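J.: Can you read through this structure? Questions will come right after.
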Amino acid sequence: MNESKNSAAKSGKKAAKGFIRGRLFSLVFFKRYWFYIVFVVAMALAYIANKFMFQSSMQEVIALKAELDDSQTDLVHSSADYNSMIRESEMTRLMQERHLGLSVPLEPPYELTSE
Numbered sequence: 016m017n018e019s020k021n022s023a024a025k026s027g028k029k030a031a032k033g034f035i036r037g038r039l040f041s042l043v044f045f046k047r048y049w050f051y052i053v054f055v056v057a058m059a060l061a062y063i064a065n066k067f068m069f070q071s072s073m074q075e076v077i078a079l080k081a082e083l084d085d086s087q088t089d090l091v092h093s094s095a096d097y098n099s100m101i102r103e104s105e106m107t108r109l110m111q112e113r114h115l116g117l118s119v120p121l122e123p124p125y126e127l128t129s130e
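Residue numbering for the sequence shown follows our numbering, beginning at 16 and increasing consecutively.
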């Protein structure tokens, strides 16, 4: 019984190999179905190209978002510097208008300690 199963399995494998070698990869098969084969290969290549273009576009979008975040940070920093300079110049102008005798110190403040 085992021998009959093994021989049936072997003959089935031989038949499948014969079908694949004889019919599937024969010149007649390719002549008959060349259009479908070319179409399937073209679709596979188009799919691969589309996926590559999508991944490239996503990398570019991520890089542009990072650049945008950096630019927004620079904008906020520049705006803060500008507002600080406006406040300082306005205070200097007010001190000069009112003749308070104050001026902008040239040295930074220091802390006095008692010893």
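Where a beta carbon is used, it is the ideal one built from N, C-alpha and C, also for glycine. None of these values were measured; they are calculated from a predicted model.
1. Check this for me: beta carbons of valine 119 and threonine 128, under 8 Å apart or not?
2. Let's see if you can read the secondary structure: which residues bound the alpha helix (DSSP H) around serine 104?
3. To the nearest angstrom, report how far apart serine 41 and lysine 80 are at their CA atoms.
4. If you run the structure through DSSP and keep just helix, strand and coil, what is methionine 121?
5. Ignore the nearest five residues each way along the sequence and tell me which others in lysine 66's own chain have a CB closer than 8 Å to its CB.
6. Give a yes or no on whether the C-beta atoms belonging to methionine 110 and leucine 117 are separated by under 8 Å.
7. Look up leucine 127 in the DSSP assignment and say whether it is helix, strand or coil.
8. Helix or strand or just coil, what does DSSP make of leucine 42?
T.: So, to answer that:
1. The residue labelled residue 119 in the question sits at position 104 within the sequence shown. The residue labelled residue 128 in the question sits at position 113 within the sequence shown. Not in contact: valine 119 and threonine 128 (Cβ atoms no closer than 8 Å).
2. For the purposes of this step, residue 104 is identified with residue 89 of the sequence shown, where counting begins at 1. Element bounds for serine 104: 49 to 112.
3. Translated into the one-based positions of the sequence shown, residue 41 becomes position 26. Translated into the one-based positions of the sequence shown, residue 80 becomes position 65. The alpha-carbon atoms of serine 41 and lysine 80 are separated by roughly 54 Å.
4. Here residue 121 refers to the residue found at position 106 when the sequence shown is read from its first residue. According to the sequence shown, residue 121 is leucine rather than methionine. Secondary structure of leucine 121 (DSSP, three-state): coil.
5. If you number the sequence shown from 1, residue 66 lands on position 51. There are no such residues.
6. Position 95 of the sequence shown, counting from 1, holds the residue named residue 110. Position 102 of the sequence shown, counting from 1, holds the residue named residue 117. Contact: yes.
7. The residue given as residue 127 occupies position 112 in the sequence shown. In the structure shown, leucine 127 sits in coil (DSSP, three-state: anything other than H, G, I, E or B).
8. In the sequence shown, the residue the question calls residue 42 occupies position 27. Look at leucine 42 here: in three-state DSSP terms it is helix.
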